[in-house]
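Structure, as C-alpha cells:
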Amino acid sequence: SGICSLPFLKDLCKNIEKVIKSKLPYKDFDGDKFSTSPNLRGYYWRGRDCDDTESSVHPGRRPDNWDAKKDSNCNGIWGVDPKDGIPYEQKFCNGTDSKGIIILGDSAAAHFHIPPEWITASKMSKKAFSNIPEVLSNELDWPQFSGTTGFLNSTIGGWTESFYLNLRRRNHCNHRDYQQLSKNGASSENILDLLKSLARTQQFDKPAIVIFALIGNDVCNGKRDTVKHMTRPDEMRINVIQTLHYLDSQVPKGSHVLLTGLVNGDILWDNMHSRYHPLGQLNKDVTYGQLYSFLSCLQVNPCRGWMSSNSTLRDVTTKRAAQLSSVLKEIAISEKYANFDVFYMDYPLKEITELWHKLGGETWQLIEPVDGFHPNQIASALGTRILWEKILRKWPYILGKENPFNREIASVFKDQGGH
Amino acid sequence: KNHGYTCVGCVITISIVEQLAEVHNSTVKEALERLCGFFSEIWNLKRICFLLLDIFGPTIIKRMEAKMNADMLCYSIHLCRQRAGQPHCHLYDLPKVGLNAAIKESERMAETQISETMHGL
Chain F
1 SGICSLPFLK DLCKNIEKVI KSKLPYKDFD GDKFSTSPNL RGYYWRGRDC
51 DDTESSVHPG RRPDNWDAKK DSNCNGIWGV DPKDGIPYEQ KFCNGTDSKG
101 IIILGDSAAA HFHIPPEWIT ASKMSKKAFS NIPEVLSNEL DWPQFSGTTG
151 FLNSTIGGWT ESFYLNLRRR NHCNHRDYQQ LSKNGASSEN ILDLLKSLAR
201 TQQFDKPAIV IFALIGNDVC NGKRDTVKHM TRPDEMRINV IQTLHYLDSQ
251 VPKGSHVLLT GLVNGDILWD NMHSRYHPLG QLNKDVTYGQ LYSFLSCLQV
301 NPCRGWMSSN STLRDVTTKR AAQLSSVLKE IAISEKYANF DVFYMDYPLK
351 EITELWHKLG GETWQLIEPV DGFHPNQIAS ALGTRILWEK ILRKWPYILG
401 KENPFNREIA SVFKDQGGH
Chain W
1001 KNHGYTCVGC VITISIVEQL AEVHNSTVKE ALERLCGFFS EIWNLKRICF
1051 LLLDIFGPTI IKRMEAKMNA DMLCYSIHLC RQRAGQPHCH LYDLPKVGLN
1101 AAIKESERMA ETQISETMHG L
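If you want it as C-alpha cells, here you go:
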C-alpha cells in the first residue's frame, strides 16, 4: 500500500485493485468477461476471446447459426464445407456433448507459486526477475499451468496435465472453454462472491463441469485461536448450499458439479519441518519448522493448524477438515438441483504421494518450496491424472464421449487458432 | 496483519542481501545495488528499488556490517515490532546475549543513524 501511494503508480494500483476485487479481466472491451490479453484475469484465467468488440462472441457459447459465417464460440471451428455446404460446426460438433470446465477454488486451484530463484541468492539474475510484472499481475498464481485449466507447458518445473487439456483432447469442440474462478484465500465463506464473476448463461452457453475445490482455507488461518476461526460443519453446509443454489440459477441444464474434499495437511509438518527452506540452504540455518513458527508468531501463517509443531493442534485441524469433507459428501448425496447433478470426491493426496513414490520421488518434492504449504506443479498434475481416471471409471458420462471427428477437426483447423 | 507481512518482507529481503554479499564475496552496498539491478524497468521497479536504497541503504549497510542478522535489523528499523504481551518473533536462532539485548543495542545505533539519514534527506 505504501508503494501504491507513489504518484506514478497510483492509477496502475487502482486498476489492479479493481481487477483483483471484481475477479474480471482488466482488458475486456466488449464486457463479455473474456479477454484477448493474458494477465490480470485475462486468457490465462478464461479462454481467449476471439472478438473483443462483440459481446455475443466468446468461448463456451452455443454456436450462432452453426458458426457458418464466424466463430461465435472461439473454438476455432467455423465456416462451411465447400464439398457439401454443411457448416463445419454442425458437422463436427453437433450431438458430441461438448462442454466447458469451470473451477471455483482457492490458491491451490489457481496454482499459487513463488519462484524459488527470487529468494535464492545463488540463482538470482535479471532473467529470474524478468517475470515480476507478469507474476504479480496474476496475483502470484499460475492458472495457465494449473491442474484444472492449464494449457501451456510448465516453465516452473514438473509438467502440465489439466482437466481442460483432457477434455479438449476428448472433444476438440471444447477448445478454449475454460474458466478459472479461483482466488488466493477463498473458502466456503466467500466463494459466492467468486461465483458472481462467472461468465455462463443458461440462454446462450453450453453446459459445463464445475469443480468446487476449496481444499484448506476453511480450516486454515493465521489467528492465535485458530480453531475458533475454522468453519464449523453447520456453517459449511449453509455456505455450500447457498453457493450451489446460486450456481443452479446460472449454469445451463446438463451441467455437472464435482465437490472435492479438503486435503489432509498432516503431510506438511511430517515431511517438511526438518528440511531447509531455500533461505536457509546456503548456511543451513533456516528450516521449514523455523519458518512456520516465525509466521505463526507474526500471525501470518497461512495455516497455523497444520504448519505447527503442536501435534494436538494438527490433529484437531485434520479432524475438522474431515468433518467438513463429510458435509460435502452428504450434500452430494442429498441435494438435488434442476440444472446439474452433484458428485463428491476426496482430495486424492494419498494416491498422489503413492504415485509419486512409484515414480521414484519423495513426498517433500510435492510441496511448494518457498511457502512450504501449497501443492506444487507435480502434485497438481498427478492429482489431475488421478481424479480424471477416477471420473472416467465411475461417471464417464460427466466427461462426454470422445468426438469421432477430432482427427478431421485437426486436419481442417490445425491448432484451432491456438490459445 | 499487515505489520506481520511487512516484518516477513523485511527479514526475507535482508536475508537475501546478506546471502548475495556472501555468494559474490562483495560488500553489503554492492549486494544491495546488485539486488536492485535485477529488477526490470517495467512499472519503475528498478527506480523504486534504488529510491528505497537511497532512504534505507545507509542504515541497513551500517547494521549489516556490524554483523546484525535479519531479525535484529528489522526490529531496529521498526519494520518488525513487538506486540504488547507477545514475544519477539524471529526466523533465525537467537543471539547469545538474547534478542532483547541485541535489539536494544541495535536500536541505539539506529537512533543515531536514522537522525543522520533524516538530516541527509
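Residue numbers (the numbering used here), protein chains in the order written: chain F, 1 to 419; chain W, 1001 to 1121. Ideal Cβ positions, reconstructed from N, Cα and C, are used throughout, including at glycine.
For residue 1004(W), the neighbours in chain F by C-beta distance under 7 Å run, in chain order, 298, 299, 300. Going by beta carbons, residue 268(F) and residue 204(F) fall outside the 8 Å limit.
Within the segment 120-191 of chain F, the complete alpha helix (DSSP H) segments of 4 residues or longer fall at 126-129, 132-137, 163-170, listed in chain order. Contact between residue 147(F) and residue 325(F) is absent: CB atoms are separated by about 19 Å, not below the 8 Å threshold. At a cut-off of 8 Å between C-beta atoms, residue 1041(W) does not count as an interface residue with respect to chain F. If the five residues before and after residue 134(F) are omitted, its C-beta is found closer than 7 Å to the C-beta atoms of 39, all from its own chain and listed in chain order. Residue 259(F) has 212(F), 344(F) as its beta-bridge partners, per DSSP.
Annotation for residue 12(F): the continuous alpha helix (DSSP H) segment containing it runs 10-22.
Residue ranges of uninterrupted alpha helix (DSSP H) with 4 or more members, entirely inside the segment 381-413 of chain F and ordered along the chain, are 406-413. Under the DSSP assignment, residue 1009(W) falls outside any beta strand (DSSP E), being part of the alpha helix (DSSP H) whose first and last residues are 1002-1023. For residue 106(F), the secondary structure class from DSSP, reduced to helix, strand or coil, is coil. Under the 8 Å criterion on CB atoms, residue 1010(W) is classed as non-interfacial with respect to chain F.
For residue 218(F), no CB of chain W lies under 8 Å from its own CB, so it is not counted at the interface with that chain. The alpha-carbon separation between residue 45(F) and residue 113(F) amounts to approximately 15 Å. For residue 238(F), the enclosing alpha helix (DSSP H) stretches over residues 233-248.
With a threshold of 8 Å between beta carbons, residue 1022(W) makes contact with chain F. Here residue 392(F) is actually not in contact with residue 382(F); their C-beta atoms are around 16 Å apart, not less than 8 Å.
The residues 88, in chain order, have a CB closer than 7 Å to that of residue 412(F) in the same chain once the five nearest residues on each side in sequence are set aside. In the assembly as shown, residue 82(F) is an exposed residue. Its beta-carbon has fewer than 16 other beta-carbons within 10 Å. Of the candidates 385(F), 410(F), 220(F), 385(F) places its Cα closest to the Cα of residue 150(F). Around the beta-carbon of residue 410(F), fewer than 16 other beta-carbon atoms lie within 10 Å, marking it exposed. Listed along the chain, the chain F residues whose CB falls inside 7 Å of the CB of residue 1050(W) amount to none; the nearest CB is some 13 Å away. A distance of 8 Å or more separates the beta carbons of residue 255(F) and residue 218(F). Neighbours of residue 1087(W) across chain F, judged by C-beta separation under 9 Å: 297. Beta-bridge analysis with DSSP links residue 112(F) to 141(F). Distance from the Cα of residue 394(F) is smallest, within the candidate group 322(F), 345(F), 169(F), for 345(F). A direct Cα-to-Cα measurement between residue 69(F) and residue 102(F) gives close to 28 Å. Between residue 213(F) and residue 260(F), the C-beta spacing is below 8 Å.
Interface annotation, residue 1074(W): not in contact with chain F, CB-CB separation never under 8 Å. The beta carbon of residue 1079(W) sits closer than 7 Å to the beta carbons of 1006, 1007, 1010 from its chain, once the five residues preceding and following it are set aside; these are given in chain order.
From the beta-carbon of residue 1044(W), the residues of chain F found nearer than 9 Å are 6, 8, 9. DSSP, reduced to helix, strand and coil, places residue 287(F) within a strand of the structure shown.
Residue 1057(W) sits in a helix when the DSSP states are folded into three classes. 378(F) is the residue among 404(F), 406(F), 378(F) whose C-alpha sits nearest the C-alpha of residue 157(F). Across the set 357(F), 170(F), 195(F), 329(F), the C-alpha of 195(F) shows the shortest separation from the C-alpha of residue 182(F). In this model, residue 376(F) and residue 172(F) are separated by some 28 Å (Cα to Cα).
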